[in-house]
Amino acid sequence: MARRTPTPVRYGANLAGLLIVLVSVFPVYWMVSRSFLPRNRIRGTEQVWFPWDGTLDNYRRMLTGESFRSALTTSLAVTLLTVVIALLFAFLAAVAVSRFRFRGRRTFIMTLLLIQMIPAEGLFISQYKMLEGMQLLNSVIGLTLVYVASVLPFTVWTLRGFVDGLPRELEEAAMVDGCSRTRAFFTITLPLLAPGFVATGLFAFIQAWNEFTLALVVMTDPAKETLPVWLIGFSESRSRGVDWGAIMAASTLITIPVIIFFIIVQRRMVAGLTAGAVKG
Amino acid sequence: MPRGAPAATRNPLPVGLVIPAACLLALALGYPLIRQVVLSAQEFGLAQQFGQPPAWVGLQNYRDLVTDPYLWKVVARTVGFCFVNAGLTLAIGMGVAQLMTRMSPWVRMASQIGLMLAWATPVVAAMTVWQFMFDTEYGLVNWVLVQFGGDYAGHSWLIEPLSFFAVATLIVVWMSVPFVVFTLYAALTQVPEDVVEAAEIDGAGAWARFVHVVLPTIRPVLLVVLLLQIIWDLRVFTQIYSLQKAGGITRDTNLLGTYIYSLGIKGGEFGTAAAAAMFMLVLTVVLTAPYIRMMIKQEED
């Protein structure tokens, strides 16, 4: 809006803006700053607003802990597998939906739209029973299976947008110049889709990395927990002597990759969500 | 449909390309869905966990559920929580978006960065830090309230349902507002300048301009955001689950998601849990129907 805002209104809005910044940033600031405080300062009678003399003890304790490392390994394995498989399957489907008109195309698209709306809580009981029957509870493969299914709709959707954006004339021109269809595809189309793969892959990464509900249901063995499940379990397990410094350090570590990736895909996120492309 | 796409062919290639995705979805979602319908018509409790074949009970699980006043309590709580949270999120989001159109550019930039930070924070990380802030002994909230002379030393926020849900609402709204702000702000910048000005010249006050000019223009976006928010707030699970773990009360704080979890995964009553889950699915479908219809229309255009 280019309208000139009257000065007093602008001052008021600016003041409110600073409050907005404070409210949205403060919890994150609190998490990061507490992660550098030693236990006795966190539990002091005074609050420490700025951790000038902070330590890395919490991080050291966290990173050397067996349980954190095991959860990190599981989380990385599930997340990366989910991203790779989802990208591959979604890419094939996106090309089909975008470049061809075929029987069942409409049904496929409608099904994706519907699936997107299914809450994990509406199906996890029977997914649990299914994985139990397949001996896939507490397994990276089992969790990956349900994760890929839950991210596929929006990965297909987003990638399809990218494929739609590539003029098919490009491939056709290359074919006129004597390229085979396959070669035209690999040398022309695929490289141009790189940004699409990055954006879609990052979406899938954030979803799988953050996911809690299905991980809680599928990974019942503490040795197989993903980071989110481990973190929530960690913060409740010692309700009396909770090691808040360590929890804040772990939370910060989990948050860092997400924030970085989020900033990269943020613009698409806003557009994608309203286009129904991403499940919340 | 892209320009120049060939008409429907008998070419097997596109179907082949869709098969991996379709098969995976059929296995991981389609099969469980059928399984759930079957399960919801079976007696599937502890005895079956230990190997007894499940007995067919028809609609008995559903009957048990709907005749249990507790289910209705949970449903009412879920819907209430959903509407309060979606309403608050939308109202605050609209307010902030409006403010953002009136800020100096650098304040607006700062607000956007702050909101993005809150939005990007993983839900579990947000949960731990909010729990820490509301902690009985070392929490910041109690400390601040005590400084202001309140009797809040050692006060537990999670032990009583009303303040439990107040804390949950605070967290959910904190995490949900940024998306609404970004979307509505984008929509607000699309409101045509001259129309607003014309209304002003015609003597319309700020509120009248908002109601009669701005709102109708951004209505489609507003509807989508409201619908998505309702869907998301209906299925809040992580926040409730972890607050329950931290506070210890579950019966008076269960929403549909945690109720299904405690029935099935915790309690081993898979038949009843499956019936409750079907309930949740139907509720979602009913609430999302308008959104789906809109998406389908968009797809066909």
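From first to last, the protein sequence lines are chains A and B.
Residue 110 in our numbering sits at position 104 of the first sequence; the count goes up by one each step and never skips.
Residue 1129 in our numbering sits at position 156 of the second sequence; the count goes up by one each step and never skips.
Each residue gets a CB set at the ideal place from its N, CA and C atoms; glycine is no exception.
Nothing here was measured: the structure is a model prediction, and the numbers come from that model.
Task: Spatial distance of A/Val248 from A/Ser257 (CA atoms) - done: Along the first sequence, read from residue 1 onward, the residue named residue 248 of chain A stands at position 242. Along the first sequence, read from residue 1 onward, the residue named residue 257 of chain A stands at position 251. For the pair A/Val248 and A/Ser257, the Cα-to-Cα distance works out to about 14 Å.
Open item on the list: Could you check whether the Cβ of A/Arg47 sits closer than 8 Å to any Cβ belonging to chain B?
Closed with: Walking along the first sequence from the start, residue 47 of chain A turns up at place 41. Closer than 8 Å: no.
Task: B/Gln1009 at chain A interface by Cβ criterion, 8 Å - done: Against the second sequence, residue 1009 of chain B aligns to sequence position 36. With 8 Å as the cut-off, B/Gln1009 counts as an interface residue toward chain A.
Task: Cross-chain neighbours of A/Lys230 in chain B, by beta carbon under 9 Å - done: As a position in the first sequence, residue 230 of chain A is number 224, starting the count at 1. Result: empty, since nearest Cβ-Cβ is about 15 Å, beyond 9 Å.
Open item on the list: Short of 7 Å Cβ to Cβ, which residues in the stretch 1101-1131 of chain B face chain A?
Closed with: Under the 7 Å Cβ criterion, the stretch 1101-1131 of chain B contributes Thr1101, Val1102, Trp1103, Gln1104, Phe1105, Met1106, Tyr1111, Leu1113 and Trp1116.
Task: Any 3 or more C-beta pairs closer than 8 Å across the stretch 115-133 of chain A and the stretch 1003-1018 of chain B - done: Yes, they touch.
TODO: Could you confirm whether any beta carbon from chain B is found closer than 8 Å to the beta carbon of A/Gln213?
DONE: Within the first sequence, numbered from 1, the residue matching residue 213 of chain A stands at position 207. Cβ-Cβ to chain B under 8 Å: no for A/Gln213.
Open item on the list: Quick check: the Cα distance between A/Thr164 and A/Thr188, rounded to an integer number of angstroms?
Closed with: By one-based count along the first sequence, residue 164 of chain A stands at place 158. By one-based count along the first sequence, residue 188 of chain A stands at place 182. Their Cα atoms are separated by approximately 23 Å.
Open item on the list: My assumption, with CB atoms under 8 Å, is that B/Asn1058 sits in contact with B/Val1164. Please give the rounded CB distance.
Closed with: Your numbering for residue 1058 of chain B matches position 85 in the second sequence. Your numbering for residue 1164 of chain B matches position 191 in the second sequence. Distance from B/Asn1058 to B/Val1164 at the Cβ level is roughly 27 Å; contact not present, criterion being Cβ atoms closer than 8 Å.
- [ ] Pick out whichever of B/Pro1151, B/Phe1107 and B/Tyr1125 has its Cα sitting closest to the Cα of B/Phe1140.
- [x] Stepping through the second sequence from its first residue, residue 1140 of chain B is reached at position 167. Rather than Phe, the amino acid found at residue 1140 of chain B in this sequence is Val. Measuring from the Cα of B/Val1140, the nearest candidate turns out to be B/Phe1107.
TODO: Return the first residue and the last residue of the alpha helix (DSSP H) that B/Ala1098 is part of.
DONE: Here residue 1098 of chain B corresponds to residue number 125 of the second sequence, with the count starting at 1. From DSSP, the alpha helix (DSSP H) with B/Ala1098 extends over Val1096 to Met1106.
Open item on the list: Closer than 7 Å to a non-hydrogen atom of the ligand FAD - does that hold for the CB of A/Val146?
Closed with: By its list of ligands, the structure shown contains no ligand whatsoever, and the ligand FAD lies outside what it can speak to.
- [ ] Name, in chain order, the residues that DSSP records as bridge partners for B/Glu1016.
- [x] Counting from 1 along the second sequence, the entry for residue 1016 of chain B is found at position 43. DSSP, once it has assigned bridges, lists B/Ala1028 as partnering B/Glu1016.
Task: Close beta carbons around A/Thr85, own chain, < 7 Å, minus the five adjacent residues each side - done: Sequence index remark: in the first sequence, residue 85 of chain A carries index 79 (1-based). Within its own chain, the residues whose Cβ lies closer than 7 Å to the Cβ of A/Thr85, once the five positions on either side in sequence are excluded, are Phe211, Ala214 and Trp215, listed in chain order.
TODO: Decide if B/Met1148 is buried, meaning its Cβ has at least 16 other Cβ atoms within 10 Å, or exposed.
DONE: Position 175 of the second sequence, counted from the first residue, corresponds to residue 1148 of chain B. So B/Met1148 ends up on the buried side.
Open item on the list: Across the stretch 1196-1206 of chain B and the stretch 1053-1069 of chain B, are there enough close Cβ pairs to call them in contact, namely three or more that are closer than 8 Å?
Closed with: Below 8 Å, enough C-beta pairs join the stretch 1196-1206 of chain B and the stretch 1053-1069 of chain B to call them touching: three or more.
Open item on the list: Between which two residues does the alpha helix (DSSP H) holding B/Asp1037 run?
Closed with: As a first step, residue 1037 of chain B is located in the second sequence; it is residue number 64 there, counting from the start. From DSSP, the alpha helix (DSSP H) with B/Asp1037 extends over Gln1033 to Thr1040.
TODO: Measure the CB-CB distance between A/Arg174 and A/Arg112 and report whether it falls below 8 Å.
DONE: For the purposes of this step, residue 174 of chain A is taken as the residue at position 168 of the first sequence. For the purposes of this step, residue 112 of chain A is taken as the residue at position 106 of the first sequence. At least 8 Å separates the beta-carbon of A/Arg174 from that of A/Arg112.
TODO: Could you list which residues in chain A have their beta carbon closer than 7 Å to that of B/Thr1211, in chain order?
DONE: Working through the second sequence from its first residue, we reach residue 1211 of chain B at position 238. Proximity of chain A to B/Thr1211 at the Cβ level (cut-off 7 Å) is accounted for by Phe218 and Thr219, in chain order.
Task: Short Cβ contact (8 Å threshold) for B/Thr1035 with B/Ala1248 - done: Here residue 1035 of chain B refers to the residue found at position 62 of the second sequence. Here residue 1248 of chain B refers to the residue found at position 275 of the second sequence. Checking the sequence, you will find Tyr at residue 1035 of chain B rather than Thr. B/Ala1248 is positioned such that its CB atom lies closer than 8 Å to that of B/Tyr1035.
Task: chain B residues whose Cβ lies nearer than 7 Å to that of A/Ser257 - done: Counting from one through the first sequence, the residue named residue 257 of chain A turns up at place 251. Residues of chain B with a Cβ closer than 7 Å to the Cβ of A/Ser257 are, in chain order, Ala1098, Thr1101 and Val1102.
Task: Within-8 Å CB hit, B/Ser1215 to chain A - done: Position 242 of the second sequence holds residue 1215 of chain B. At a cut-off of 8 Å between beta-carbon atoms, B/Ser1215 makes contact with chain A.
- [ ] Identify the contact partners of B/Gly1333 in chain A, using a Cβ-Cβ distance below 8 Å as the criterion.
- [x] Limits of chain B in this structure are 974 at one end and 1274 at the other, which puts residue 1333 of chain B out of reach.
Task: Own chain, CB closer than 7 Å to B/Ala1246, minus 5 neighbours either side, in chain order - done: As a working mapping, residue 1246 of chain B is identified with position 273 in the second sequence. Ile1233, Leu1236 and Gly1237.
Open item on the list: Tell me which residues of the stretch 1017-1039 of chain B have at least one Cβ-Cβ distance to chain A shorter than 9 Å, keeping chain order.
Closed with: Only Phe1017 from the stretch 1017-1039 of chain B bring a Cβ to less than 9 Å from some Cβ of chain A.
- [ ] Give the residues from the stretch 1046-1078 of chain B that approach chain A closer than 7 Å (Cβ to any Cβ), ordered along the chain.
- [x] Flagged, chain order: Val1069, Leu1072, Thr1074, Arg1075, Met1076 and Ser1077.
Task: Beta carbon proximity, A/Ser30 to chain B, threshold 8 Å - done: Start at 1 with the first residue of the first sequence, and residue 30 of chain A comes out as number 24. True, the Cβ-Cβ gap to chain B drops below 8 Å.
TODO: Drop a sphere of 10 angstroms on the beta-carbon of A/Ile266, count the other beta-carbons inside from all chains shown, and report buried for 16 or more, exposed for fewer.
DONE: Along the first sequence, one-based indexing puts residue 266 of chain A at 260. Exposed.
Task: For A/Gly167, the three-state DSSP class (helix, strand or coil) - done: As a position in the first sequence, residue 167 of chain A is number 161, starting the count at 1. DSSP places A/Gly167 within a helical segment (H, G or I) once states are collapsed to three.
Open item on the list: Suppose you measure from the CA of B/Gln1271 to the CA of A/Leu82; what does that come to, to the nearest Å?
Closed with: Here residue 1271 of chain B is taken as the residue at index 298 of the second sequence, counted from 1. Here residue 82 of chain A is taken as the residue at index 76 of the first sequence, counted from 1. Going by the C-alpha atoms only, they are around 37 Å apart.
Open item on the list: Is A/Arg372 close to chain B? Criterion is C-beta to C-beta, closer than 8 Å.
Closed with: Residue 372 of chain A lies beyond the range of chain A shown here (7 to 286); nothing can be said about it.
Task: 8 Å contact criterion, which B/Gly1024 and B/Gly1244 should meet: CB distance rounded - done: Numbered from 1 along the second sequence, position 51 holds the residue referred to as residue 1024 of chain B. Numbered from 1 along the second sequence, position 271 holds the residue referred to as residue 1244 of chain B. Contact flag wrong, Cβ pair sits at about 16 Å.
Open item on the list: Which of the three DSSP states is assigned to A/Ile131 in this structure?
Closed with: Within the first sequence, numbered from 1, the residue matching residue 131 of chain A stands at position 125. DSSP, read as helix, strand or coil, puts A/Ile131 in helix.
Task: Cα-Cα separation between B/Val1080 and A/Leu208, rounded to whole angstroms - done: Looking up residue 1080 of chain B in the second sequence gives position 107. Looking up residue 208 of chain A in the first sequence gives position 202. Between B/Val1080 and A/Leu208, the C-alpha separation is close to 29 Å.
Task: Rounded C-alpha distance that separates B/Pro993 from A/Leu196 - done: Within the second sequence, residue 993 of chain B is the residue found at index 20, counting from 1. Within the first sequence, residue 196 of chain A is the residue found at index 190, counting from 1. For the pair B/Pro993 and A/Leu196, the Cα-to-Cα distance works out to about 19 Å.
TODO: State the DSSP-derived secondary structure class of B/Leu1131, mapped to helix, strand or coil.
DONE: The count along the second sequence starts at 1 and reaches residue 1131 of chain B at position 158. DSSP places B/Leu1131 in coil when its eight states are reduced to three.
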